[in-house]
Amino acid sequence: MTTTIHTEALTKTYDGHTVVDGLDLDVKAGEVFGLLGPNGAGKTTTILMLLGLVEPTSGEMEVLGLDPRRRPLDVKGKVGFLPDAVGFYDNLTGRQNLRFTARLNGVADAETHIGGLLEQVGLTEAADQLAGEYSRGMKQRLGLADALVKSPLILMLDEPTTAIDPEGVATMLDLIRRLAAEEDVTILLSSHLLQQVQAVCDRVAIFVRGRVVVSGAPHELAADKKGTTRVEFRFDTDDETARGRLEKSATVDEVTHGRVPGSWVATLEVGFLPDTVSSLVSDGARITGIHRVDEDLDAIYRRYFESAESETAI
Ligand SMILES: Nc1ncnc2c1ncn2[C@@H]1O[C@H](COP(=O)(O)OP(=O)(O)OP(=O)(O)O)[C@@H](O)[C@H]1O
Ligand SMILES: [Mg+2]
């Protein structure tokens, strides 16, 4: 797989305030990559730098092998962008707005393509209504269609689902996955809606105050910084003996209730699972089930966010 977005020590400072701080990013072709973080973390600024719309203070970047600072038009020709506040010509219909974008980008025979895009984003019925009469969610859908008019190699989506209803979100996430899987479109999206990102992203980077505190596949992030993981043990009896045995095991950090009676969730060092199991068994425990409990991204995010906050608060 080739790298389509690459940054090294990318930094942006506004009035002495560093909002993107030494960002190293590698996004591969056909990957769905999520920039995650709270308000003001630097997600939009990062996207705007990659599009050549904001000048970095320092650092390197390449998009499809091009430097957006030197070749902004070439980059824009290949990258579809859905801004967080999408704007259209209010006195044109949705379809006419897409035609306008097609003409700007020199897309030939656009009519069928546009019809298909309107269908994909669920706007066929509203296609000939004025964009000025669209709801915010409809504008966001039109924004996605608009970003796709030029059949881009990369899509950058800034908070693509914030205004969209749950059914629309499912459609949009399906479309994002399909574009990546079937058409090899690389997708960089920013969001603070963690559940959605978890469902759709191959990898994520969690931003806190302009710095990436952790990145990886959502399931990789479920094992925390210290290399611990959470495992649910089920026992054939519903009593505290099992818990006591688990707590006694030297390799176990913490024990909490599992989801069903007789089950306990232990936090332990990755790699110590076999030792833990054999010490439980030799102690007389009858184990009926073992499985890993993945944290959802929300919990992971809060954990990293809190630890990064406490580190920077000193
Ligand atoms: N043009 C600008 N001039 C000065 N400061 C700016 C400018 N643009 C952004 N900032 C600051 O940079 C920081 C990062 O902003 P950015 O919009 O990149 O965050 P974000 O992660 O996209 O946040 P959100 O989730 O709210 O969209 C913020 O503190 C913001 O105030
Ligand atoms: Mg933003």
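First residue of the sequence shown: 30, per my numbering; consecutive thereafter. Just so you know, even glycine gets a beta-carbon here, dropped at the ideal spot from N, CA and C.
Buried or exposed by the 16-neighbour rule on C-beta atoms within 10 Å, applied to residue i
i, result
"residue 203", "exposed"
"residue 282", "exposed"
"residue 187", "buried"
"residue 247", "buried"
"residue 161", "exposed"
"residue 133", "exposed"
"residue 175", "buried"
"residue 234", "buried"
"residue 333", "buried"
"residue 97", "buried"
"residue 288", "exposed"
"residue 299", "exposed"
"residue 307", "exposed"
Cβ-based neighbour list, residue i, same chain, cut-off 8 Å, excluding 5 preceding and 5 following
i, result
"residue 53", "36, 37, 38, 39 and 241"
"residue 83", "41, 74 and 77"
"residue 343", "Residue placement at residue 343 is poorly supported in this model, since its pLDDT is 42, which falls under 50; the coordinates still yield a value, given next. Excluding sequence neighbours, residue 343 sits near nothing in its chain."
"residue 267", "290 and 291"
"residue 158", "122 and 123"
"residue 194", "166"
"residue 225", "190, 198 and 202"
Nearest candidate by alpha-carbon position, reference residue i, set the options
i, options, result
"residue 311", "287, 219 and 271", "271"
"residue 170", "180, 156 and 182", "156"
"residue 79", "91, 87 and 68", "91"
"residue 44", "67, 69 and 86", "86"
"residue 269", "206, 292, 280 and 138", "292"
"residue 46", "303, 299, 278 and 238", "238"
"residue 330", "66, 57 and 127", "66"
"residue 302", "318, 110 and 280", "280"
"residue 31", "50, 93, 72 and 150", "93"
"residue 49", "137, 69 and 33", "69"
"residue 192", "158, 219, 205 and 164", "164"
"residue 125", "315, 105, 147 and 115", "147"
"residue 185", "298, 88 and 112", "112"
"residue 309", "116, 274 and 298", "274"
"residue 219", "207, 213, 236 and 206", "236"
"residue 116", "130, 104, 298 and 105", "130"
"residue 109", "245, 214 and 223", "214"
"residue 149", "103, 221, 225 and 207", "207"
"residue 105", "315, 182, 211 and 232", "182"
Cβ neighbours of residue i in the same chain (closer than 7 Å, five flanking residues each side left out)
i, result
"residue 313", "none"
"residue 167", "152 and 155"
"residue 128", "139 and 143"
"residue 276", "284"
"residue 222", "190"
Any chain D beta carbon closer than 8 Å to residue i
i, result
"residue 97", "No chain D appears in this structure, which consists of one protein chain only."
Residues near residue i by beta carbon distance below 6 Å, same chain, minus five either side
i, result
"residue 260", "295 and 321"
"residue 209", "59, 61 and 216"
"residue 230", "61 and 63"
"residue 142", "none"
"residue 198", "190"
"residue 319", "262"
"residue 317", "263 and 265"
"residue 55", "32 and 35"
"residue 278", "305 and 308"
"residue 89", "37"
Three-state secondary structure (DSSP) of residue i
i, result
"residue 117", "coil"
"residue 193", "coil"
"residue 153", "coil"
"residue 232", "strand"
"residue 10", "The first residue shown for the chain is 30 and the last is 343, placing residue 10 beyond what the model contains."
"residue 37", "strand"
"residue 238", "coil"
"residue 32", "strand"
"residue 145", "helix"
"residue 123", "helix"
"residue 161", "helix"
"residue 135", "coil"
(message) Quick check for students: name the residue ranges of the beta strand (DSSP E) that lie wholly in the stretch 50-113, counting only runs of 3 or more.
(response) Complete beta strand (DSSP E) runs here, min 3: 61-65, 87-92 and 108-111.
(message) Suppose only complete runs of 3+ residues qualify. What are the beta strand (DSSP E) ranges in the stretch 249-337, listed by chain order?
(response) Residue ranges of uninterrupted beta strand (DSSP E) with 3 or more members, entirely inside the stretch 249-337 and ordered along the chain, are 257-264, 281-286, 292-298 and 316-321.
(request) Write down every uninterrupted run of the alpha helix (DSSP H) in the stretch 168-229 whose length is 4 residues or greater and which is fully enclosed by it, in chain order. (result) Correct list: 195-212 and 223-229.
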